[in-house]
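Below is one structure, written out as structure tokens; the observations come after it.
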Amino acid sequence: MIRKFFSYLIPIKIFKKKSTRSKMIEVTWANGELVLDTENTNYSYGSLQRILRYGLRNIGYDKILEMEHILLLGVAGGSVVKTLVNEIEYKEKITGVEIDPDMIEIANQYFNLNQIKQLKVVIDDAFEFVLKTKEKYDLIIIDIFEDTHMPNFLFEKFFVDRICTILKDDGFVLFNTMILDEAHNVRNRKYVTEVNPKFFQTKMLPRIEVHNELIIINKVA
1 MIRKFFSYLI PIKIFKKKST RSKMIEVTWA NGELVLDTEN TNYSYGSLQR
51 ILRYGLRNIG YDKILEMEHI LLLGVAGGSV VKTLVNEIEY KEKITGVEID
101 PDMIEIANQY FNLNQIKQLK VVIDDAFEFV LKTKEKYDLI IIDIFEDTHM
151 PNFLFEKFFV DRICTILKDD GFVLFNTMIL DEAHNVRNRK YVTEVNPKFF
201 QTKMLPRIEV HNELIIINKV A
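Going by full-length UniProt numbering, the residue at position 163 of the sequence shown is 163; the numbering climbs one at a time, nothing skipped.
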């Protein structure tokens with residue numbers, strides 16, 4: 001494909017749509033791959049896929065292959081789903097929660113997300129879903145952004161406690177955060193201190209991208 005070839009020289013935008021939730025959604029050929037972006041940040045594939053792959057590798061692919069149910073809060077184009085299914089060869093259930101139906105429509109059209117049979121997509125607010133769910137999960141991936149903004153509820157103790165409650169013993173939380181200023185650094189460090197060390201091990205991974213920091217929580221069995 002000629003656009004794919006030229007994308008190694010210059011990004012080639014092939015789709016653009018206004019969304020009520022995400023403002024502007026764009027699909028672009030960049031460095032030979034399709035990526036999903038909003039106005040100011042990468043949402044799926046590209047650098048974001050590298051970041052979450054790094055987090056999954058830190059948890060351990062062997063451990064992930066033994067899991068029965070993974071919850072993804074924030075689906076966007078589904079790049080982490082593709083990493084789980086195509087690279088790690090994870091075979092079990094994945095539930096993806098996405099608030100923006102426009103995002104899922106684009107993910108299906110350009111990234112074939114609807115062809116992944118083990119994935120169930122729920123259009124819902126992540127906060128509401130986490131309150132309602134009766135399931136427990138082996139891995140909860142939190143990857144929620146509104147362009148460059150992260151909703152405040154993600155860092156509130158009530159939400160952290162609820163996430164930890166729906167996690168199985170020896171389960172993991174992989175939380176992708178955005179750091180744009182010192183206040184965000186302080187926010188992340190406060191977040192880590194609020195996870196009960198008696199029942200959970202928490203670590204922040206060294207950054208591989210300037211503005212993203214991954215936090216991993218492990219529920220000690």
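Note that beta-carbon positions come from the ideal geometry of N, C-alpha and C, so glycine has one too.
Residue i, DSSP secondary structure in three states
i	result
M67	coil
A30	strand
L56	helix
residue 275	Nothing in the structure corresponds to residue 275, since the chain is present only between 1 and 221.
N212	strand
T133	coil
E98	strand
Q49	helix
Y113	Note that residue 113 is Leu in the sequence shown here, rather than Tyr. Three-state result, L113: helix.
M150	coil
8 Å Cβ cutoff met for residue i and residue j
i	j	result
T95	K120	yes
K219	G171	yes
I12	T38	no
E26	K18	no
T177	N212	yes
I123	I104	yes
F155	R187	yes
Cut-off 6 Å between Cβ atoms - residues of its own chain near residue i, not counting five sequence neighbours on either side
i	result
residue 226	Residue 226 cannot be examined here, being either before or after the span of the chain that is shown, 1 to 221.
E209	S47, I51
V97	L73, V122, D124, A126, F129
Buried versus exposed, by CB contacts within 10 Å (16 or more), residue i
i	result
I2	exposed
N185	exposed
A183	exposed
G55	buried
Q201	exposed
Q49	buried
A221	exposed
Selection from the options that minimises the alpha carbon distance to residue i
i	options	result
E89	P101, I70, L65, I99	L65
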